[in-house]
Amino acid sequence: MKEYKTITRIAGPLVFVEKTEPVGYGELVRLTLPSGEAKSGQVLDTSDDMVVVQVFEGTSGVDLNSRVKFLGETIRLPVSGELLGRILNGAGKPIDGGPEIVPEERMDITGAAINPYARGNPSDFIQTGISTIDGTNTLVRGQKLPLFSGAGLPHNEIALQIARQAKVRGSSEGFAIVFAAMGITNEEAQKFISEFEETGALKRAVVFLNLADDPAVERLITPRMALTAAEYLAFKKEMHVLVILTDMTNYCESLREIGAARSEIPGRRGYPGYMYTDLAMLYERAGIIKGKKGSITQLPILTMVGDDITHPIPDLTGYITEGQIVVSRELHSRNIYPPVDVLPSLSRLMNLGIGSGKTREDHKQLSDQCYAFYAEGKDLRGLVAIVGEESLSERERRILKFAADFEDLFVRQDKGEDRDIEQTLDIGWKLLSEIPESELTRISPELRKKYYGRR
Amino acid sequence: MKTGKVYRVAGPVVVAELEASMYDVCKVGKEKLLGEVIQINGSRCTIQVYEDTTGIKPGEEVENTSQPLVVELGPGLLSSIYDGIQRPLHLLRSLTGDFIMRGATAPGLDRKRKWDFKASVKPGAVVKGGDVLGTVKEGNTVHRVLVPPKSAGKVAGISDGSYTVTDAIGKLDDGTELRMMQLWPVRKPRPVTRKLLPDIPLITGQRIIDSLFPLAKGGVAAIPGPFGSGKTVNQTQLAKWSDADIIVYVGCGERGNEMTEVLKEFPELTDPRTGKPLMERTILIANTSNMPVAAREASVYTGITLAEYYRDMGYAVALMADSTSRWAEAMREISSRLEEMPGEEGYPAYLSARLSDFYERAGRVVSLMGAEGSVSVIGAVSPPGGDFSEPVTQGTLRVIKTFWALDAKLAQRRHFPAINWLASYSLYLDSLSHWYEKNIAPDWMKLIGRTRSILQEEDKLMEIVQLVGSDALPEKEQVTILVARMFREFLLQQNAFHPVDTYSEHKKTYLIMKTILGFADKAKAALDSGIRMQKISVMKSKDKVGDVKFEKDYEAFLAQVNKEIEKEFAELK
């Protein structure tokens, strides 16, 4: 394989190489610096005249005398059952002091699209033990449900609690966890790892770490590595995999950095126009395949810039994922854990995973009714601030109280509290039973008869 | 065949040294990836490739088929599931497994399947483009085999029999062989004799749509809304229940799991009118968000060409495109790879021209064979951040006539369908009024008018309530607020997941409206006779109106409820 010393330009994370033999798009590249240090990269643009290489470890130290070698293949992750229990860096190299992974297979990390025709229908209810998720935004196996959070909010605790408690009822199989950190701090990463160690989850986890001080460009491959490992475990090893990706905001920042370095025409807020497609290529790697046992459930975490849900990152994510769990600063500052803001949260696959035989027959209608009253109650708070509680009608006062009780009893729970779905639904009925039965218009008469006033 | 060489590869865009005309389809590289010429610059042309280009090298061969992107039209389209360039997904699965790999080719129509063809013209008949040669039974639909639009002549021979789509079923006297399959370039509208005014409603079974914001057959509608406001549920509801003969559902850049839901659900559902599986009248095009972006760009054109083909047979076709924003983004992505000068928000300057070209392919027409057919288009729009001032929504608004504005606030309080009744509109209401008066009830338009004005008034009153509380309003206005709430909960809200409520006949919608307005009249009369609002607001019978949503025998139920309302009012006195 030829080595070239024809670098003509270096800009940001990009290296421009001239006069090469034909090089394939997306090919893996090895750079050797004059100091002997090696770096890896990928071909972003290839033509007869010029090849553009994106260097994952950053271009510091690269000069015009560095040597470039095109490896003739795309980036691959060596996979085997031994991945479980291992900690790897963002580029898939072990950093836990253990041996190299002896691969059973080397898988292309780009991943291919699952044929929609081959997809199975996600419908297995995952009980997370958190009422605001199980009761009102139910997670199912094969879903991708992100946490939309903000800086300084306890999204990591929530993700950990889900990872700890998640189970499918009536099944003894636990989840294997694939954890990909992109640009989070060492401290946060340590917290995840030590928690995994404490609960024994690390034995069935694969951890990919790209920390805040690791090269930003590497972040572009970290989630792809992680999802490739997840696909291997799910579809070759028949495991149910829960993938936690954090923090997607850092990933998107890297994407923007590359776009800018290539002087591409930027889209909204400087993010590249293809960010939707790029994110979709990650998020869509969740799912179930007909006739295969495993599944991939994704729990991406992203911190919303300035708590703005219309910012391109949460916006595009929300258009791809099957709902979102929104973490609220307001609830957090009122000391309510988990501070899940139920109203803007949503699980699109909820209806597939609930109802009789899965959770309970009253689940959907109960959830809708709670949503409706809670939304009304929150509106009334605004009104009370202006006119005072006295000028409310009796009905309005009851709804106002419902909203307060809802936050206090339904939303609030302990970090270690693992509520089963019956408990969650019964709390809902307890709250609804404070309101005259005839006002529960979202609930059918039969269900009202069966559950109303039952404590 | 003209061949050339790859010069440059950058993402889905390949530049090749090749002799070509615009929109020629090419096969790129060793794996023969399909692509389309979208720019010519001297001896180099730019090709958008429908598949992942990883591994393609400069110097690899490019073949030019010298033909634009075409779809195969003929029996066997119905109940198919295609990707954006009409490759059947089940064939791709058997070719490349559960994941879609590159370079797979699969014909849009099954070449081996035989169809029973019954000729309806005799040898010697003079035919022109669009005329019916004969029929084939395609599931529950009579598939009319048409003369390709550009052919004409005297039929020299034609006979009944069992044929595959490529067998000759006869020929013209100039020697042209006639087949059941014809090809048509997707970017070119199929010709019609003339366009008609849309004055028949597309009945959808969705109360808010059928009553306040109807769509005409051959009309165009847009559903814009932020994520989570229920665009896809609305689209699938329309695909399930609207009274079109044929449904083309284009999942353009949407979620894989949602497509799966559609794929699983449709075959299980039955058409309320024929009792046959809904899938038999449906063509699904699934190009999920992680499938190649260029195929996504092509998918809406593929969809509308299939729709036009059935329209030409004289059918009412409805096309759902979910979502046109993803299509526009595909255009933007490709345009930015071409380094074109961008327009607003990075979208290409030709965005609004493309949007209007696409929507203009809808319409109620007299087809070439003289039959009346229609293509109605319902486009979902996903505005970033729910901001309707963005270019795709604005470009769409300029051409559509029915606008169903989805509202995140309504969705959050689980008011579904989350169509905002103040921001939405339908410009078809007037042209349809005649139909309603004749087919539903003479006072239909009057009821619609009253319903709308009560909802409008509520909005105004709510501003006051926000300031002073509802008790401070005069009692007459409190009645308005009460009645508006009944409209919102009992008429506008509809549960797509409830077996009965999911579809509401026009008559049911009419009776609910009439009952609520009847209640309003009685309540006002009661106030005039000195009864206090407090007593009216606690009436039990009014809450029962809502339960009719879940009743199959709604007429009897509402008659009963009306009696109870009357009785309760009488007791107030």
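Line by line, the protein sequences give chains A and B. Sequential numbering of the first sequence, starting at 24, is according to my numbering. Sequential numbering of the second sequence, starting at 5, is according to my numbering. In this text, a Cβ means the ideal position worked out from N, Cα and C, and glycines have one as well.
Delimiting residues of the beta strand (DSSP E) encompassing B:H147: One-based indexing of the second sequence puts residue 147 of chain B at position 143. First-last of the beta strand (DSSP E) with B:H147: 145-150.
Could you pull out every residue in the same chain whose Cβ sits closer than 6 Å to the Cβ of A:D236, ignoring the five residues on either side in sequence? Position 213 of the first sequence holds residue 236 of chain A. Correct list: empty, nothing qualifies.
If I measure Cβ to Cβ from A:T447 and keep anything under 7 Å in the same chain, skipping five residues before and after, which residues do I get? Within the first sequence, numbered from 1, the residue matching residue 447 of chain A stands at position 424. The residues are S154, D157, G158.
Any chance the stretch 377-388 of chain B sits against the stretch 309-325 of chain B, with 3 or more Cβ pairs inside 8 Å? yes
What's the call for A:A34, buried or exposed, on a 16-neighbour Cβ count within 10 Å? Numbered from its first residue, the first sequence carries residue 34 of chain A at position 11. That one is exposed.
Which residue comes first and which comes last in the alpha helix (DSSP H) that contains B:G522? For the purposes of this step, residue 522 of chain B is identified with residue 518 of the second sequence, where counting begins at 1. First-last of the alpha helix (DSSP H) with B:G522: 510-532.
Would you verify that the beta carbon of A:R142 is, or is not, closer than 8 Å to some beta carbon of chain B? For the purposes of this step, residue 142 of chain A is identified with residue 119 of the first sequence, where counting begins at 1. It does; some Cβ of chain B falls within 8 Å.
Using a Cβ-Cβ cut-off of 7 Å (strictly less than) and excluding sequence neighbours within five positions of A:I312, which residues of its own chain qualify? Along the first sequence, one-based indexing puts residue 312 of chain A at 289. Cβ neighbours of A:I312 beyond the five flanking positions: I137, A141, R142, G143, F258.
Here's a check: name, in chain order, each residue in its chain whose Cβ is nearer than 7 Å to the Cβ of B:P271, leaving out the five neighbours to either side. For the purposes of this step, residue 271 of chain B is taken as the residue at position 267 of the second sequence. For B:P271, where only same-chain residues beyond five positions count, the Cβ hits under 7 Å are P281, M283.
With contact counted as at least three CB pairs below 8 Å, one residue from each stretch, are the stretch 81-97 of chain A and the stretch 37-47 of chain B in contact? no
When B:G39, B:I382, B:I60 are compared against B:T50, the one with the closest alpha-carbon: Position 46 of the second sequence, counted from the start, is the residue given in the question as residue 50 of chain B. Checking every option, the nearest Cα to that of B:T50 belongs to B:G39.
Using a C-beta cutoff of 8 Å, does A:R352 count as contacting chain B? Here residue 352 of chain A refers to the residue found at position 329 when the first sequence is read from its first residue. By the rule that beta-carbons nearer than 8 Å mark a contact, A:R352 does not touch chain B.
Exposure label - B:G222; buried when at least 16 CB within 10 Å: Here the question's residue 222 of chain B lines up with position 218 in the second sequence. That one is buried.
For A:L406, which three-state DSSP category applies? Start at 1 with the first residue of the first sequence, and residue 406 of chain A comes out as number 383. Looking at A:L406 - three-state DSSP - the assignment turns out to be helix.
How about the stretch 197-204 of chain A and the stretch 367-380 of chain A: do they share at least three Cβ pairs that are nearer than 8 Å? Output reads no: the stretch 367-380 of chain A does not touch the stretch 197-204 of chain A.
Could you compute how far the alpha carbon of A:F171 sits from the alpha carbon of B:T145? Your numbering for residue 171 of chain A matches position 148 in the first sequence. Your numbering for residue 145 of chain B matches position 141 in the second sequence. Here the alpha carbon of A:F171 sits roughly 47 Å from the alpha carbon of B:T145.
8 Å contact criterion, which B:I535 and B:L576 should meet: CB distance rounded: As a position in the second sequence, residue 535 of chain B is number 531, starting the count at 1. As a position in the second sequence, residue 576 of chain B is number 572, starting the count at 1. Rounded, the Cβ-Cβ distance is 5 Å, consistent with contact.
Output the distance between the C-alpha atoms of B:S339 and A:E345, rounded to the nearest integer angstrom. Sequence index remark: in the second sequence, residue 339 of chain B carries index 335 (1-based). Sequence index remark: in the first sequence, residue 345 of chain A carries index 322 (1-based). Going by the C-alpha atoms only, they are around 29 Å apart.
According to DSSP, which residues form a beta bridge with A:T69? Sequence index remark: in the first sequence, residue 69 of chain A carries index 46 (1-based). Its beta-bridge partners are A:V74, B:V13.
Using the Cα positions of A:K92 and A:G113, report the straight-line distance between them to the nearest angstrom. For the purposes of this step, residue 92 of chain A is identified with residue 69 of the first sequence, where counting begins at 1. For the purposes of this step, residue 113 of chain A is identified with residue 90 of the first sequence, where counting begins at 1. Taking the straight line joining both Cα atoms gives about 22 Å.
Got a sec, what are the start and stop residues for the beta strand (DSSP E) B:V304 sits in? Residue numbering aside, residue 304 of chain B sits at position 300 when the second sequence is read from its first letter. Note, B:V304: premise wrong, no beta strand (DSSP E); alpha helix (DSSP H) at 297-316.
Can you tell me whether B:R277 is buried or exposed, with buried defined as 16 or more other CB within 10 angstroms of its CB? Along the second sequence, read from residue 1 onward, the residue named residue 277 of chain B stands at position 273. Exposed: under 16 other Cβ atoms inside 10 Å.
Check whether the stretch 163-174 of chain B touches the stretch 111-120 of chain B, taking contact to mean three or more Cβ pairs, one atom from each stretch, closer than 8 Å. yes
Starting from A:N138, find everything on chain B with Cβ-Cβ shorter than 7 Å and list it in chain order. Mapped onto the first sequence, residue 138 of chain A falls at position 115. Per Cβ cutoff of 7 Å: L93, L96, R97, D102, F103, I104.
A:D441 to A:F219 span [Cα, whole Å]: What you label residue 441 of chain A is simply residue 418 of the first sequence in a count that begins at 1. What you label residue 219 of chain A is simply residue 196 of the first sequence in a count that begins at 1. Roughly 17 Å between the two C-alpha positions.
Completely contained beta strand (DSSP E) runs for the stretch 212-264 of chain B, where each covers 3 or more residues: 224-228, 250-256
When the cut-off is 8 Å and only beta carbons count, does A:G173 lie next to chain B? Against the first sequence, residue 173 of chain A aligns to sequence position 150. For A:G173, the answer is no, since every Cβ of chain B falls outside 8 Å of its Cβ.
My parser needs the alpha helix (DSSP H) runs of 4 or more residues fully inside the stretch 266-290 of chain A; what are they? 271-284
Between B:V472 and chain A, is there a C-beta pair that is closer than 8 Å? Locating residue 472 of chain B in the second sequence gives position 468, counting from the first residue. Closer than 8 Å to some Cβ of chain A, the Cβ of B:V472 qualifies, so yes.
Can you pull the chain A neighbours of B:I85, defined as C-beta to C-beta under 8 Å? For the purposes of this step, residue 85 of chain B is identified with residue 81 of the second sequence, where counting begins at 1. Residues of chain A passing the Cβ test: P139, Y140.
For a contact defined as C-beta to C-beta under 7 Å, what are the partners of A:D338 on chain B? For the purposes of this step, residue 338 of chain A is identified with residue 315 of the first sequence, where counting begins at 1. Residues of chain B passing the Cβ test: P388, G389.
Considering only heavy atoms of the ligand COA, does any lie closer than 7 Å to the CB of B:N238? By its list of ligands, the structure shown contains no ligand whatsoever, and the ligand COA lies outside what it can speak to.
Find the residues of chain B that neighbour A:V410, judging by a C-beta separation of less than 7 Å, and give them in chain order. Numbered from 1 along the first sequence, position 387 holds the residue referred to as residue 410 of chain A. Neighbours of A:V410 on chain B, chain order: V472, G473.
Where B:L99 falls: helix, strand or coil (DSSP): Taking the first residue of the second sequence as 1, we reach residue 99 of chain B at position 95. Here B:L99 sits in helix by DSSP.
Mapping the DSSP letters down to three states, classify B:Y558 as helix, strand or coil. Taking the first residue of the second sequence as position 1, residue 558 of chain B is located at position 554. It is helical.
Within the chosen definition, does the stretch 329-343 of chain A reach the stretch 355-365 of chain A through at least 3 CB pairs nearer than 8 Å? no
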